[in-house]
Amino acid sequence: RLSTRGEIVLEPARDFLAAHDRAVASLTAVRRRFRLGIATHVGGAEVPTLLARLSAHDPALTIEVRLDDSRDLLDAFDRGELDAAIIRREDDRRDGEVLAPEHFGWYA
Numbered sequence: 013r014l015s016t017r018g019e020i021v022l023e024p025a026r027d028f029l030a031a032h033d034r035a036v037a038s039l040t041a042v043r044r045r046f047r048l049g050i051a052t053h054v055g056g057a058e059v060p061t062l063l064a065r066l067s068a069h070d071p072a073l074t075i076e077v078r079l080d081d082s083r084d085l086l087d088a089f090d091r092g093e094l095d096a097a098i099i100r101r102e103d104d105r106r107d108g109e110v111l112a113p114e115h116f117g118w119y120a
């Protein structure tokens with residue numbers, strides 16, 4: 013069991029060690045690139061947090077984000093310009109994966 017001081021220091025110490033591990037990994041790891049397209053209508057407040065978590069998980073990964081409309085992002089994906097795209101399904105393609113349903117409302 014940790015002392016009171018140990019409990020106070022525990023979380024900052026974990027953060028420090030994680031930062032150290034990321035720094036060391038960035039010096040030795042091969043840099044990789046992940047090109048992600050995000051449709052402008054799905055880019056919400058959670059996107060920066062998710063990207064930060066991905067970056068923290070793999071410091072050697074360079075994440076390039078492109079914001080555009082769904083059709084242009086799907087075309088870019090088909091041309092090999094993107095590794096993944098988060099878009100609104102606009103046609104009958106079934107080769108993607110549904111991440112979440114969209115909810116619409118009528119307000120008057």
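Just so we're aligned: the sequence shown equals residues 13 to 120 in the numbering used here.
Glycine included, C-beta positions come from ideal geometry on N, C-alpha and C.
Per DSSP, D103 is not a residue of any beta strand (DSSP E), being assigned neither H nor E.
Cα atoms of A64 and T52: separation of roughly 19 Å, rounded to the nearest angstrom. The beta carbons of R78 and L94 sit closer together than 8 Å. Per DSSP, the continuous alpha helix (DSSP H) segment holding T61 begins and ends at 58 to 69. Of the other Cβ atoms in all chains shown, 16 or more fall within 10 Å of the Cβ of A97; this residue is therefore buried. Per DSSP, the unbroken alpha helix (DSSP H) holding A88 starts and ends at 82 to 90. Following the DSSP letters along the chain, one finds A96 inside the beta strand (DSSP E) bounded by residues 96 to 98.
In this structure, R44 places its C-beta atom within 8 Å of the C-beta atom of T74. Taking every protein chain shown into account, the CB of L86 has 16 or more other CB atoms within 10 angstroms, so this residue is buried.
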